[in-house]
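Here is the structure we will look at.
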Amino acid sequence: MPPHRPNTPISAASSFSYDPCSSSRPPPSAPPLPFAGRGPATPPEDPPSPTPSPPVELSAFFASISAFLEGDYLNERTLTLAQVSPARLERFQRWALNRRLHRLRYIYDAATRTLTLRGMITTVHDAIIQWLMEIYSKLSLSDEERAHIRFNTGYDIPLQGGGIRQPDASFRYVFIDEKEGVEVTDPYPRVIFEVAFSQKHDDVKCVAESWLKGTKGMVSVVVVVNIEEGGKRNGTGDADESVNRMDQDGDGEDQAEESTESEAESEDFTSAQVIANFHKRCNPSDVVGPLTATVELFRLREDGNMVRDGPAYRFLPDQSPEVDPVLKISDLLRDTKDGDRRIVALPLARYGQLLNTAKRDLAVMRTAKQKRDKRKRAEEGSEEGEDYVAEELEERGAKKVRLLRSGARGSRSGDVAS
Numbered sequence: 000m001p002p003h004r005p006n007t008p009i010s011a012a013s014s015f016s017y018d019p020c021s022s023s024r025p026p027p028s029a030p031p032l033p034f035a036g037r038g039p040a041t042p043p044e045d046p047p048s049p050t051p052s053p054p055v056e057l058s059a060f061f062a063s064i065s066a067f068l069e070g071d072y073l074n075e076r077t078l079t080l081a082q083v084s085p086a087r088l089e090r091f092q093r094w095a096l097n098r099r100l101h102r103l104r105y106i107y108d109a110a111t112r113t114l115t116l117r118g119m120i121t122t123v124h125d126a127i128i129q130w131l132m133e134i135y136s137k138l139s140l141s142d143e144e145r146a147h148i149r150f151n152t153g154y155d156i157p158l159q160g161g162g163i164r165q166p167d168a169s170f171r172y173v174f175i176d177e178k179e180g181v182e183v184t185d186p187y188p189r190v191i192f193e194v195a196f197s198q199k200h201d202d203v204k205c206v207a208e209s210w211l212k213g214t215k216g217m218v219s220v221v222v223v224v225n226i227e228e229g230g231k232r233n234g235t236g237d238a239d240e241s242v243n244r245m246d247q248d249g250d251g252e253d254q255a256e257e258s259t260e261s262e263a264e265s266e267d268f269t270s271a272q273v274i275a276n277f278h279k280r281c282n283p284s285d286v287v288g289p290l291t292a293t294v295e296l297f298r299l300r301e302d303g304n305m306v307r308d309g310p311a312y313r314f315l316p317d318q319s320p321e322v323d324p325v326l327k328i329s330d331l332l333r334d335t336k337d338g339d340r341r342i343v344a345l346p347l348a349r350y351g352q353l354l355n356t357a358k359r360d361l362a363v364m365r366t367a368k369q370k371r372d373k374r375k376r377a378e379e380g381s382e383e384g385e386d387y388v389a390e391e392l393e394e395r396g397a398k399k400v401r402l403l404r405s406g407a408r409g410s411r412s413g414d415v416a417s
């Protein structure tokens with residue numbers, strides 16, 4: 000494939016947005032992007048040194064961000080920082096490039112100088128990536144048509160008025176510049192997908208509007224997935240019950256606990272032993288509430304107003320209406336034959352399966368984190384932690400007694416049989 004023509008550095012770690020009614024700066028040039036990329040293999044060069052801010056204020060600024068990143072990253076949450084100057088934003092960008100911020104999106108409103116951080120639930124957001132990759136692989140296209148479509152995640156897109164956003168996923172159109180012999184990407188995606196987890200519907204519509212109006216209709220359609228987590232079904236609404244269940248069986252317990260500790264430190268609770276230990280003893284509904292999910296498609300009318308295309312398609316806990324939303328091939332390609340009559344179905348039943356898997360994985364993560372936090376409190380000598388250790392030691396002692404009795408009965412049975 001011909002080389003990709005770069006325009007501006009792409010930051011894989013950064014993500015911006017804007018209020019479609021407030022920003023006024025002219026947009027920067029839009030960077031073309033690689034196939035299925037999360038930004039370049041190496042980060043862009045450092046920007047020029049920003050104007051120094053007062054040390055105490057700057058220290059407090061980054062302390063707030065660090066505390067946010069170390070907080071409850073297993074639930075979606077936001078942090079809003081006011082009076083963030085362009086120089087401080089630039090400093091934050093440099094800082095963010097050196098850290099793994101795959102769970103983080105952030106929005107900068109230039110008009111109000113407000114920086115809003117949004118922490119995502121990785122398992123839930125990753126489900127849409129797998130779903131779209133499956134759809135992309137099954138597109139009924141000729142080889143020539145397929146060569147014009149790229150599926151991308153995790154990059155910045157500048158909007159009209161000075162805002163910059165990063166979509167959860169998108170389909171983009173590419174073509175070959177015959178004069179220079181290089182691959183060129185349209186400045187804006189053709190189709191954008193956004194996942195909203197427990198967000199207000201008006202905020203979700205504002206996101207779609209910012210994409211459609213901020214690109215002057217160059218984005219054909221915005222597909223928004225609305226996911227709501229209801230109240231916890233079982234008991235206390237936290238992971239205590241699941242933690243207790245994980246402690247009730249000694250089979251593989253030590254190995255599971257060691258895995259839990261090491262995985263907790265790396266913020267990755269997906270080891271096979273931890274997952275097996277959880278599913279053997281626990282119910283995901285102890286720690287993750289019932290999920291309700293819908294899909295909405297938004298387009299821009301000729302008069303410049305946004306309109307929803309079709310109903311809100313619910314697919315969790317059940318599907319209603321029992322039809323799948325569709326994209327048109329003309330949403331993905333430019334000037335294609337019969338593009339308005341050829342469609343791409345978005346199979347919601349499959350997406351529901353992936354979200355239910357994400358729910359189970361999230362339950363594992365929340366339970367493992369609760370288990371780790373209890374042990375940490377025990378090490379620090381808190382009353383709750385001491386009670387937890389005492390209960391655990393008592394339960395382990397009871398297990399040993401049960402095992403000894405079981406072994407004794409087995410020996411007696413063997414003697415009789417012989």
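Following numbering that gives the first Met the number 0, the numbering of the sequence shown begins with 0 at its first residue and continues without gaps.
The C-beta atom is built at its ideal place from N, Cα and C for all residues, glycine as well.
Remember, predicted model here, so these are calculated numbers, not experimental data.
Query	Result
Let's see if you can read the secondary structure: which residues bound the beta strand (DSSP E) around residue 292?	290 to 299
Quick check on DSSP: helix, strand or coil for residue 103?	strand
In chain order, what residues of the same chain have a beta carbon less than 6 angstroms from the beta carbon of residue 313, not counting five sequence neighbours either side?	293 and 319
Identify the continuous beta strand (DSSP E) that holds residue 203 and give its terminal residues.	Careful: residue 203 lies outside any beta strand (DSSP E), inside the alpha helix (DSSP H) at 200 to 213.
Would residue 223 and residue 295 qualify as a contact pair, given that the criterion is a beta-carbon distance under 9 angstroms?	yes
Among residues of its own chain, excluding the 5 on either side of residue 300, which ones have a beta-carbon nearer than 8 angstroms to its beta-carbon?	306
Assuming contact is defined by CB atoms lying nearer than 9 angstroms, are residue 203 and residue 211 in contact in what I supplied?	no
State buried or exposed for residue 303, treating a residue as buried only when at least 16 other CB atoms are found within 10 Å of its CB.	exposed
Quick one: using the 10 Å Cβ neighbour count with 16 as the cut-off for buried, is residue 322 buried or exposed?	exposed
Give me the residue from 348, 145 and 67 with the minimum Cα distance to residue 173.	145
Check for me: the beta strand (DSSP E) holding residue 363 runs from which residue to which?	Run containing residue 363: none in the beta strand (DSSP E); it sits in the alpha helix (DSSP H), 347 to 378.
Starting from residue 144, trace the alpha helix (DSSP H) in both directions and tell me its first and last residue.	142 to 145
For residue 287, collect the residues of the same chain with a Cβ closer than 6 angstroms to its Cβ; drop the 5 residues on either side in sequence, then sort them by chain order.	358, 361 and 362
Can you tell me whether DSSP reads residue 31 as helix, strand or coil?	Note that residue 31 has pLDDT 36, beneath the 50 cutoff, so the model's placement of it is unreliable and the number below is only indicative. The answer is coil: DSSP assigns residue 31 none of H, G, I, E or B.
Just to confirm the assignment, what range does the beta strand (DSSP E) spanning residue 117 have?	113 to 118
Please report the distance separating the alpha-carbon of residue 166 from that of residue 121.	15 angstroms
Answer yes if the region 180 to 200 comes into contact with the region 330 to 342, meaning at least three C-beta pairs across the two stretches below 8 angstroms, and no otherwise.	yes
How should residue 229 be labelled, buried or exposed, when 16 other C-beta atoms within 10 angstroms of its C-beta is the threshold for buried?	exposed
Where does residue 275 fall in DSSP's three states?	helix
Check the C-beta distance from residue 213 over to residue 158 and give it rounded, since I have them as a contact under 8 angstroms.	3 angstroms
Going by DSSP, name the residue or residues bridged to residue 108.	113
Residues bridged to residue 443 by DSSP?	Residue numbering for the chain in the displayed model covers 0 to 417; residue 443 lies beyond these limits and cannot be assessed.
Considering only residues of the same chain and omitting the five flanking positions on each side of residue 343, which have a CB-CB separation below 6 angstroms?	326
Assign residue 184 to one of two classes, buried (16 or more other C-beta atoms within 10 Å of its C-beta) or exposed (fewer than that).	buried
Just confirm the distance between the C-beta atoms of residue 353 and residue 129, as a whole number of angstroms; I'd bet it's less than 8 angstroms.	6 angstroms
Could you give the distance in angstroms between the alpha-carbon of residue 420 and the alpha-carbon of residue 111?	Nothing in the structure corresponds to residue 420, since the chain is present only between 0 and 417.
So, residue 117 versus residue 87, is the Cβ gap smaller than 9 angstroms?	no
Starting from residue 305, trace the beta strand (DSSP E) in both directions and tell me its first and last residue.	305 to 307
Let me check you understand the geometry: is the CB of residue 169 closer than 8 angstroms to at least one non-hydrogen atom of the ligand GDP?	In the structure on display, the ligand GDP does not appear, and there are no ligands present to speak of.
Are residue 152 and residue 115 closer than 9 angstroms when you measure CB to CB?	no
In chain order, what residues of the same chain lie with their CB nearer than 7 angstroms to the CB of residue 283, ignoring the 5 residues before and after it?	358, 359 and 362
Cα separation between residue 378 and residue 106?	38 angstroms
Within 10 angstroms of the Cβ of residue 124, are there 16 or more other Cβ atoms? Answer buried if so, exposed if not.	buried
For a test of the three-state rule: what should DSSP assign to residue 79, helix, strand or coil?	strand
Quick one: Cα of residue 197 to Cα of residue 227, how far?	5 angstroms
If distances are taken between C-alpha atoms only, which option among 367, 168 and 194 comes closest to residue 119?	194
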